[in-house]
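Numbering-wise (the numbering used here), the sequence shown opens with residue 44 and increments by one.
Right, one structure below, let's go through it.
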Amino acid sequence: MRTLRVALPERAYDIHIGHNLLGRADLLAKSLVSQRAVIVSNEVVAPLYLDKIAAPLRKAGVHVTEIVLPDGEASKRWETLNTIFDALLADRCDRTTTVIALGGGVIGDLAGFGAATYQRGVPFIQVPTTLLAQVDSSVGGKTGINHPRGKNMIGAFWQPKLVLADTDTLRTLPARELSAGLAEVIKYGLIRDLPFLEWLESNIDKLIARDADALSYAIERSCANKAEVVARDERETAKDGGRALLNLGHTFGHAIETGVGYGEWLHGEAVAVGMVMATELSRRLGWLGTADVNRVRDLLARAGLPVVGAPLGADRYLDLMAHDKKVLAGRLRLVLLQHLGAAVTYADASTADIRASIHACCA
Ligand code: NAD
Ligand code: GLY
């Protein structure tokens with residue numbers, strides 16, 4: 044097991060990464076504030092893994108409640124959140140009850156927002172079971188749900204007390220989901236870690252083949268990058284980009300997710316195409332060359348990801364992007380690349396260039 048720390052002054056926590064961690068009630072128990080826990084999972088993950096966590100906890104004397112939600116991005120919404128509150132209230136959970144999210148990013152975001160708001164906030168633990176959740180969504184405390192008008196529009200910052208990433212769970216992950224996680228892994232290389240990007244170019248085939256050592260290394264390096272960014276700019280308020288840089292490709296990608304309907308495209312797939320669009324726009328601004336754009340597109344394609352956008356039409360993209368959280372005082376702030384391995388936020392791209400970049404990346 045390897046342990047990284049998210050060094051937030053008042054909310055620091057560990058990320059444990061390794062094999063066979065689900066049954067480590069000892070690791071979980073250290074982060075519980077009472078003998079009460081609620082495990083939130085979904086109908087796909089629960090049959091595979093819920094008992095692996097619940098049984099040892101019960102054996103250790105913890106009263107465990109189970110909440111099993113419907114699967115999928117479309118369930119990341121208000122009505123599902125309310126079923127979490129119903130269950131917490133029905134079981135008379137108090138403020139010392141710890142909510143444990145067992146699943147991918149959808150469960151982490153839903154359960155985390157539930158924990159942030161139930162009785163004004165209860166302790167929370169992330170047990171991510173997708174690659175995307177192990178490298179990104181379980182770390183950093185962003186929680187929330189979608190609104191029909193926009194992705195992740197309702198939410199809260201609520202840091203977990205612990206992240207327990209059991210890499211064995213990736214064995215049952217569908218190939219398409221593994222690729223979606225690789226989009227966020229590649230993102231770290233593009234925005235701030237050129238040596239990691241080069242490592243990914245040499246090792247992408249091993250990652251696709253689920254080589255255990257390669258996956259562990261990629262998860263650790265991704266989490267180290269994320270932990271560093273979050274520790275410096277927890278609430279995404281830094282003027283120099285800070286945490287906002289983690290959103291490379293997301294403004295374009297969220298437009299795809301919302302535009303085609305939640306759950307049609309996987310989040311990582313939409314981010315992959317969004318990163319191609321951001322790279323193309325960076326080329327139009329004179330910051331990258333054509334060879335750089337091709338290099339990014341090739342790596343994403345080798346990771347099994349789409350590199351051509353949904354045919355929504357540039358106007359619809361622009362309309363959806365105008366609702367993004369990165370719009371400040373009416374100006375769209377995009378994350379772009381000055382070089383491979385160096386991202387910036389930029390609010391001065393012309394609509395014509397944004398439109399042309401979208402157009403160039405759609406069929
Ligand atoms: P997901 O949670 O929908 O999981 C993908 C699929 O894999 C689901 O069908 C799930 O049931 C299944 N699954 C999960 N673990 C499995 C396993 N071990 N074996 C077999 N099947 C398994 O999707 P995701 O890609 O993990 O997360 C995407 C979500 O995360 C999006 O809603 C996105 O907005 C959010 N996100 C949040 C943050 C954040 O910082 N909070 C960051 C990135 C993404
Ligand atoms: N996934 C972007 C962030 O956590 O800030």
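Built from N, CA and C at the ideal position, the CB exists for glycine as well.
Please read all numbers here as calculations on a predicted model, not as lab measurements.
Status (buried if at least 16 other CB within 10 Å, exposed otherwise) for residue i
i, result
"Gly304", "exposed"
"His62", "exposed"
"Thr46", "exposed"
"Leu348", "buried"
"Val178", "buried"
"Arg219", "exposed"
"Glu277", "buried"
"Ser245", "exposed"
"Ser77", "exposed"
"Asp382", "One point to set straight first is that residue 382 is His, not Asp, in the sequence displayed. Exposed, by the Cβ-count rule."
"Glu53", "exposed"
"Arg374", "exposed"
"Ala89", "buried"
"Leu132", "exposed"
"Thr280", "exposed"
"Asp358", "exposed"
"Leu237", "exposed"
"Arg376", "buried"
Anticipated Cβ contact below 8 Å, residue i with residue j, distance rounded
i, j, result
"Ser222", "Gly311", "7 Å"
"Asp209", "Gly187", "Contact doesn't hold; Cβ gap of about 24 Å is too wide."
"Ala144", "Ala154", "4 Å"
"Ala270", "Arg48", "7 Å"
"Leu64", "Met44", "7 Å"
"Glu116", "Gly332", "Actually they are not in contact, since the Cβ atoms of Glu116 and Gly332 sit about 35 Å apart, beyond 8 Å."
"Thr160", "Asp134", "Contact flag wrong, Cβ pair sits at about 17 Å."
"Lys119", "Val149", "5 Å"
"Val105", "Arg138", "About 16 Å; that fails the 8 Å criterion."
"Met196", "Phe295", "Contact doesn't hold; Cβ gap of about 17 Å is too wide."
"Ile234", "Arg345", "Ile234 to Arg345, Cβ: 19 Å. No contact."
"Val228", "Leu207", "Going by Cβ atoms, the distance from Val228 to Leu207 rounds to 19 Å, so no, they are not a contact pair."
"Leu380", "Thr322", "6 Å"
"Gly384", "Leu240", "6 Å"
"Ala80", "Thr140", "7 Å"
"Ala298", "Tyr360", "5 Å"
"Arg192", "His366", "6 Å"
CB contact flag (residue i, residue j, <8 Å)
i, j, result
"Ser393", "Met320", "no"
"Leu112", "Val142", "no"
"Thr173", "Gly232", "no"
"Val314", "Lys230", "yes"
"Pro171", "Gly184", "no"
"Val350", "Val316", "yes"
"Asp352", "Cys404", "In the sequence as presented, Asp is not what sits at residue 352; that position holds Gly. Yes, the pair counts as a contact, with Cβ atoms nearer than the cut-off."
"Asp391", "Arg327", "no"
"Gly157", "Phe200", "no"
"Gly146", "Leu175", "no"
"Ala274", "Ala50", "yes"
"Ser259", "Ile60", "yes"
"Leu100", "Ala68", "yes"
"Ala386", "Leu291", "yes"
"Ile168", "Ser265", "no"
"Arg253", "Leu309", "no"
"Leu343", "Met318", "yes"
"Leu91", "Thr215", "yes"
Chain C within 8 Å of residue i, Cβ atoms only
i, result
"Val273", "Annotation note: the requested chain C is absent from the structure, which comprises a single protein chain."
For the stretch 195-243, which segments carrying the alpha helix (DSSP H) assignment without a break, of at least 4 residues, lie completely within its bounds, in sequence order? If one requires a minimum length of 4 residues, the alpha helix (DSSP H) runs lying completely within the stretch 195-243 are 218-235, in chain order.
Could you give the uninterrupted runs of the alpha helix (DSSP H) lying entirely in the stretch 323-363, keeping only those of 4 residues or more? Entirely contained in the stretch 323-363, the alpha helix (DSSP H) runs reaching 4 residues are, in chain order, 333-345.
Any 3 or more C-beta pairs closer than 8 Å across the stretch 339-347 and the stretch 280-287: Too few Cβ pairs lie closer than 8 Å, so no.
Assess, as a yes-or-no matter, whether the stretch 121-134 is touched by the stretch 87-105 under the definition of 3 or more beta carbon pairs within less than 8 Å. In short, these stretches do not touch, since the Cβ pair count stays below three.
Of all the alpha helix (DSSP H) runs that stay within the bounds of the stretch 100-176, which reach a length of 4 or more residues? Complete alpha helix (DSSP H) runs here, min 4: 121-133 and 148-160.
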